[in-house]
Amino acid sequence: MYTNQSKVILLIADISGYTNFMLANRKTISKSHKIIIELIKAIIEHIELPLEVAKIEGDAVFLFALKGESEEEWKMLCRKIGEKLVTFFDIFTQKVNDLRSSVLCDGNVCIAIETLKLKVIVHTGYAELVCIGTFKELSGIDVILVHRLLKNSVKEKEYILMTESAATEIMFPKIICIETGLEKYDDIGEVKTFIYYHKKLQ
């Protein structure tokens, strides 16, 4: 086992509406769960290096990318992730539509499937990477922060929420609209946020 603290991009892709969807389909809970798994798989299959999967957390995927040796590599990394972020919504929506017409949606299995949406939380900071065999675990204050931001004051269901550090470094392939926000947590304090709504990314 070894540890290594590095600058890192932390990203969580989370399925909104998960609880309502599962409750609406409680009589066919097994098939409903398979639908969620298919959506998670669609997100993972869309991921390419430099992003890596740190963990699957129920209805969410926790991703990370470590900084390389040079600033130029870091800028390229931030650009690639910006390009990847704007395509997450299209991939997710297409998969929902595919599932709607699949055998998994026979009968009443897909009640409220249209309520399933994607939200993405992005933060840059530092994390300790602990490797035990083939398993990787990230820890640190910034890891706690990106998870805490899943609980926020944003009313919409489809969005990218970035911290100030992430918004400063992530480079998107086109000009997109942004709104600023402020989240407050008792233990962490105030966190300035930058939100991109999917309807404004089109």
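Here the sequence shown is numbered in the working numbering, starting from 1100 and rising by one per residue.
For glycine and all other residues, C-beta sits at the position ideal for the given N, C-alpha and C.
Residue i - containing beta strand (DSSP E), residue span
i: Ser-1238; result: 1234-1238
DSSP-derived helix/strand/coil call for residue i
i: Asp-1286; result: coil
i: Asn-1207; result: coil
i: Gly-1280; result: strand
i: Phe-1120; result: helix
i: Leu-1150; result: coil
i: Lys-1291; result: strand
i: Asp-1158; result: coil
i: Lys-1304; result: Residue 1304 lies beyond the residue range present for the chain, which begins at 1100 and ends at 1301; the question has no answer from this structure.
Beta-carbon proximity check, residue i vs residue j, cutoff 9 Å
i: Leu-1150; j: Phe-1188; result: no
i: Lys-1298; j: Glu-1257; result: yes
i: Ile-1210; j: Ala-1159; result: no
i: Phe-1293; j: Leu-1215; result: no
i: Phe-1163; j: Leu-1109; result: yes
i: Ala-1112; j: Ile-1134; result: no
i: Lys-1283; j: Thr-1262; result: no
Neighbour-count burial assignment, residue i, 16 or more Cβ in a 10 Å radius
i: Asp-1197; result: exposed
i: Thr-1186; result: exposed
First through last residue of the alpha helix (DSSP H) which encompasses residue i
i: Leu-1215; result: Taken as a continuous stretch (DSSP letters only), Leu-1215 belongs to no alpha helix (DSSP H), as it is neither H nor E.
i: Glu-1137; result: 1128-1145
Mind listing, in chain order, the continuous alpha helix (DSSP H) runs of no fewer than 4 residues lying wholly within the region 1220-1277? 1240-1247 and 1263-1268
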